[in-house]
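Numbering (the numbering used here), first residue to last: 24 to 606.
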């Protein structure tokens with residue numbers, strides 16, 4: 024094949040539809056064919072005239088068949104020999120992996136010199152490319168434009184540049200939406216959260232319809248719940264909208280690849296499309312939606328100092344609001360508005376008037392749960408909207424209970440949490456401190472010394488009564504370091520006067536209080552708490568219950584444990600020091 028028609032000694036045009044395929048798969052039109060004499064002894068038959076070809080090409084198979092010759096290749100040359108006589112009829116030299124015929128009977132500018140100059144230019148460009156630190160060939164063309172005559176930039180390749188500068192294929196930006204709802208559903212799992220939600224959830228999974236961009240979100244306690252949640256979601260869509268999901272698109276996480284999910288998709292005819300490894304861009308709808316969702320969730324938490332244990336309620340509230348806000352991709356329509364345009368018969372019963380997340384709310388207490396003199400409302404914090412009831416979701420931190428009610432009044436300018444709480448603290452109202460029992464018996468009790476008889480037969484009424492009182496208080500957990508921690512009274516003592524060889528023993532078991540008290544009418548904690556020395560008719564200080572209680576308190580608890588428990592005797596038998604068996 025040759026691009027120049029002047030080489031032909033005989034020539035006949037070809038039909039315009041005749042084409043040949045090059046090495047890169049490009050189709051080139053053949054203009055004609057004929058005979059070409061390349062040397063005095065070699066005449067090539069049926070040579071194709073291809074105007075768009077860059078150089079002359081000779082087929083070895085056609086050469087050996089038409090000329091009845093042998094072609095012998097060497098490392099840097101090639102020889103053509105006649106089969107009958109063995110005479111050399113042609114010679115070619117190697118250059119850059121190709122063999123070029125010599126002593127051709129062709130115009131000098133048409134073949135050898137053009138090819139040689141082309142190769143020389145490519146070699147120079149490659150040499151400059153290496154010397155300059157492998158810049159792009161476009162930069163070299165700007166520096167040396169004369170070297171790129173009759174050369175295409177796409178023909179230059181460098182293996183070192185491929186290894187050093189390889190980039191990922193860019194992802195096309197597509198704003199196309201599916202034509203019908205639930206034809207394609209995007210999904211993604213987020214988590215785990217460093218702080219579990221108050222319900223115990225650490226993950227959440229989202230399902231986004233590609234057509235309407237409506238999003239459904241479910242909180243998960245374990246990632247193994249992905250399959251069961253998807254099955255429930257498909258059942259809900261089929262029952263509420265009367266359609267089947269056609270495609271499910273997710274990332275390549277193993278949570279979406281299990282026997283249950285695969286079997287269900289095959290059974291229902293759902294095509295599960297997954298992204299390639301380390302290619303989250305292929306699941307971009309779900310990834311971007313999660314980013315938008317978390318941005319709004321953080322804003323809801325920060326605006327009113329809501330503790331992070333309520334992140335689940337915040338993300339559910341953000342989902343509720345995003346589904347009802349205008350979207351650019353939907354021509355400034357909300358996802359719920361677009362969904363309702365496809366299903367006008369569907370009514371959304373859970374549309375609530377939006378309120379500020381984390382504000383103070385007062386939930387009405389119905390008559391069946393209160394007395395005539397009890398408060399008619401309970402102070403709570405607003406934490407979102409109910410998905411299954413026509414009411415607001417509020418939380419009462421002191422009782423750790425959620426309430427869903429429509430009878431709620433909001434103080435949206437007041438935050439329930441005045442300052443950020445440390446994670447792990449129990450939540451309680453700042454203006455309603457938790458009152459726990461805290462008893463003090465005056466200085467007289469600490470001064471008196473209890474006799475030996477009382478030490479043997481009495482114990483502290485304080486400890487026994489405090490245990491009874493603590494049972495009622497423990498219904499509301501107290502924060503660490505609160506008044507619930509009992510205080511211990513210590514006295515200075517000198518261990519040296521009791522001897523140096525002191526042995527500590529384990530404290531004995533507690534004995535029922537009745538066996539420790541000698542009086543027939545012991546004083547109770549209720550009597551102490553309700554005693555009023557000012558309004559009492561008695562002027563005798565001995566009648567005050569403090570003196571009675573002081574006689575019943577075991578002050579021996581302030582002594583060192585060695586004196587209170589005595590010494591511990593050792594066994595009479597000698598211990599074996601040697602090993603039981605020889606190794």
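Positions of the beta carbon are idealized from the N, C-alpha and C atoms, including for glycine.
Can you tell me which of the three DSSP states residue 123 falls into? In this structure, residue 123 counts as strand in the three-state DSSP scheme.
Which ranges does the beta strand (DSSP E) cover as unbroken runs of at least 3 residues, wholly within the segment 56 to 111, from first to last along the chain? Runs found: 66 to 72, 92 to 96 and 100 to 105.
Take the Cβ of residue 259 as the centre, count every other Cβ of all protein chains shown within 10 Å, and call the residue buried at 16 or more, exposed below. Residue environment analysis places residue 259 among the exposed positions, since fewer than 16 neighbouring C-beta atoms fall within 10 angstroms of its C-beta.
For my contact list, residue 334 and residue 216 are in at a C-beta cut-off of 8 Å; report their separation, rounded to the angstrom. For residue 334 against residue 216, the beta-carbon gap comes to about 6 Å, under 8 Å, which counts as contact.
From this set, 119, 91, 84 and 89, which residue's C-alpha is nearest residue 100's C-alpha? In terms of Cα proximity to residue 100, the closest of 119, 91, 84 and 89 is 119.
Suppose you measure from the CA of residue 45 to the CA of residue 70; what does that come to, to the nearest Å? As the crow flies, the alpha-carbon of residue 45 is around 16 Å from that of residue 70.
To which residues of the same chain is residue 59 closer than 7 Å at the C-beta, ignoring the five residues directly before and after it? Apart from the 5 residues on each side of it in sequence, residue 59 sits with its Cβ closer than 7 Å to the Cβ of 25, 30, 31, 32, 67 and 70 in its chain, given in chain order.
Please classify residue 96 as buried or exposed, where buried requires at least 16 other C-beta atoms within 10 Å of its C-beta. For residue 96, the number of other beta carbons within 10 angstroms of its own is below 16, and it is reported as exposed.
Three-state class that DSSP yields for residue 414 in the structure shown: DSSP places residue 414 in coil when its eight states are reduced to three.
Output needed for residue 558: all residues of its chain with C-beta closer than 6 Å, excluding positions within five of it in sequence on either side, in chain order. Model confidence at residue 558 stands at a pLDDT of 44, short of 50, so the residue's coordinates are unreliable; what they give is reported in the following sentence. Contacts found: none.
Please report the residue range of the alpha helix (DSSP H) in which residue 318 lies. Residues 307 to 326.
Which word fits residue 63, buried or exposed, when buried means at least 16 other C-beta atoms lie within 10 angstroms of its C-beta? Residue 63 is exposed by the Cβ-count criterion.
For residue 300, I'd like the list of residues in its chain whose CB is within less than 8 Å of its CB, leaving aside the five on either flank, ordered along the chain. Within the same chain, residue 300 has close Cβ partners 275.
Length-filtered (3 minimum) beta strand (DSSP E) runs lying within the segment 356 to 408: Counting only runs that start and end inside the segment 356 to 408, the beta strand (DSSP E) elements of at least 3 residues fall at 382 to 387 and 400 to 408.
Thinking just about the alpha-carbon of each residue, which of 327, 148, 61 and 337 is nearest to the one in residue 221? The alpha carbon of residue 221 has as its nearest neighbour, out of 327, 148, 61 and 337, the alpha carbon of 337.
Separation of residue 88 from residue 38, as counted between CA atoms: Those two C-alpha atoms are separated by around 26 Å.
Using three-state DSSP, classify residue 115 as helix, strand or coil. Judged by DSSP in its simplified three-state form, residue 115 adopts strand.
Buried or exposed by the 16-neighbour rule on C-beta atoms within 10 Å, applied to residue 312: Looking at its Cβ environment, which holds 16 or more other Cβ atoms inside 10 Å, residue 312 is buried.
Do residue 433 and residue 424 come within 9 Å of each other at the CB atom, strictly closer than that value? For residue 424 and residue 433, no; Cβs fall outside 9 Å.
C-alpha gap between residue 376 and residue 413, whole angstroms: CA-CA distance, residue 376 to residue 413, rounds to 11 Å.
Just the Cα atoms here: how many angstroms apart are residue 242 and residue 226? Straight-line spacing of the CA atoms in residue 242 and residue 226 works out to 6 Å.
Quick check on residue 286: buried or exposed, where buried means 16 or more other Cβ atoms within 10 Å of its Cβ? Answer is exposed; the Cβ neighbour count stays below 16.
Would you call the CB atoms of residue 52 and residue 74 closer than 9 Å? The Cβ-Cβ distance between residue 52 and residue 74 falls below 9 Å.
Output needed for residue 218: all residues of its chain with C-beta closer than 8 Å, excluding positions within five of it in sequence on either side, in chain order. Here the set comprises 331, 332, 334 and 446.
Those runs of the alpha helix (DSSP H) which lie wholly inside the segment 201 to 264 and span at least 4 residues: As far as the segment 201 to 264 is concerned, its whole alpha helix (DSSP H) runs of at least 4 residues are 249 to 264.
What is the rounded straight-line gap between the Cα of residue 496 and the Cα of residue 392? Because residue 496 carries a pLDDT of 34, less than 50, the predicted location of this residue cannot be relied on, and no value is offered for it.
Suppose you measure from the CA of residue 491 to the CA of residue 402; what does that come to, to the nearest Å? Below a pLDDT of 50, predicted positions are generally treated as unreliable, and residue 491, at 40, falls in that range; no measurement from the model is reported.
Could you pull out every residue in the same chain whose Cβ sits closer than 6 Å to the Cβ of residue 358, ignoring the five residues on either side in sequence? Closer than 6 Å at Cβ, skipping near neighbours: 235, 236, 237 and 346.
In the DSSP assignment, find the unbroken beta strand (DSSP E) run with residue 424 in it and report its ends. Taken as a continuous stretch (DSSP letters only), the beta strand (DSSP E) holding residue 424 covers 424 to 428.
Apart from the five residues just before and just after residue 200, which ones in its own chain have a Cβ nearer than 7 Å to its Cβ? For residue 200, the CB contacts under 7 Å within the same chain, skipping 5 residues up- and downstream, are 233 and 234 in chain order.
Uninterrupted beta strand (DSSP E) stretches inside the segment 264 to 304 (no shorter than 3 residues): Listed in chain order, they are 270 to 273 and 294 to 297.
Alpha carbon to alpha carbon, what distance is there between residue 245 and residue 364? Distance from the CA atom of residue 364 to the CA atom of residue 245, rounded to whole angstroms, is 36 Å.
Starting from residue 50, trace the alpha helix (DSSP H) both ways and give me its first and last residue. For residue 50, there is no enclosing alpha helix (DSSP H); the residue is found in the beta strand (DSSP E) stretching over 50 to 52.
Rounded straight-line distance, which links the Cα of residue 157 to that of residue 49: Roughly 29 Å separates the two Cα atoms.
Ignore the nearest five residues each way along the sequence and tell me which others in residue 409's own chain have a CB closer than 6 Å to its CB. Taken in chain order, the residues that qualify are 416 and 427.
In the DSSP output, what is residue 431 paired with across the bridge? Secondary-structure assignment with DSSP links residue 431 through a beta bridge to 386.
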